[in-house]
Amino acid sequence: MEFDITQLDKKILVQALFAHSAPLNLGQAEYDYKKKLGDNVDGLSDEECEMILYEFKHFNTGGLRILDYHKGKPIKLVFYKNRNGRVLVDTGSYDARNGKYRFFEALLNIFSIDEILITKKGYKHYEMTDLPEHLVRPKEQEEMFKNILKNTIERENEYGKYWSIDENKVSYTLPFMRL
């Protein structure tokens, strides 16, 4: 999937994605070690986010890796800034390591529906890594996300086309989502 995050607060986005990720494979050792030292391994402070986003704020165009692994958690976050100022993010790498639709879930939990702009609804090629069982989404949850994506409306703004969620057609809420 791909989202237009131009208007989203990037600090809140990075904090949400970090909170929705889990340590994986070799990252588990780093996570456990930092936790043992008393580091906050489950959240990012505003100061940490400022440092993480510093280069992005001074970046003109192209792709910029924001986070790879951080505190043992696989974030795999790259922002793409177009010449027109539009900022896009592809969720494939993040979701492959944190669970299908996990990025979308983070957006739905933190931002209002009208702030979420979807520029590509599918995955180029979704290849899950060996995820722990607790990160593999049950089929019924995956179907709910697919249904939300089916109930979108194509729109256009100064940056181009996108889809937004039609709140009138999504008549249910997931237990972990704020709609």
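Residue numbers (my numbering): 209 to 387. We put the beta carbon where it would ideally sit given N, CA and C, even for glycine.
If we count the other Cβ atoms within 10 Å of its Cβ and call it buried at 16 or more, is residue i buried or exposed?
i, result
"V344", "exposed"
"K369", "exposed"
"P340", "exposed"
"I220", "exposed"
"Y309", "buried"
"N376", "exposed"
"E263", "exposed"
"R305", "buried"
"K347", "exposed"
According to DSSP, which residues form a beta bridge with residue i?
i, result
"L296", "D212, Y288"
"T360", "I373"
Hey, how far is the Cα of residue i from the Cα of residue j?
i, j, result
"K401", "D250", "This structure does not reach residue 401, given that the chain is present from 209 up to 387, and the question cannot be answered."
"F311", "A224", "9 Å"
"K265", "T360", "31 Å"
"Y277", "E364", "34 Å"
"K354", "D217", "26 Å"
With the cut-off set at 8 Å, would you say residue i and residue j are in Cβ contact?
i, j, result
"G235", "G270", "no"
"V295", "L261", "no"
"S373", "I324", "Here residue 373 is Ile; the residue named in the question, Ser, does not match the sequence. A contact, by the Cβ cut-off of 8 Å."
"F211", "I326", "yes"
"K289", "M209", "no"
Please list, in chain order, all residues of the same chain as residue i whose beta carbon is under 6 Å from its beta carbon, the five residues on each side excluded.
i, result
"G307", "L343, R345"
"E362", "W371"
"L272", "F264, F287"
Answer yes or no: does any C-beta atom of chain B fall closer than 8 Å to that of residue i?
i, result
"T327", "No chain B is part of this structure, which consists of one protein chain only."
Enumerate in chain order the residues of its own chain whose CB-to-CB distance from residue i is below 8 Å, with the five nearest sequence positions on each side excluded.
i, result
"E350", "K308, Y309"
Quick one: what's got a C-beta closer than 7 Å to residue i's C-beta in the same chain, skipping five residues either side?
i, result
"N292", "Y367"
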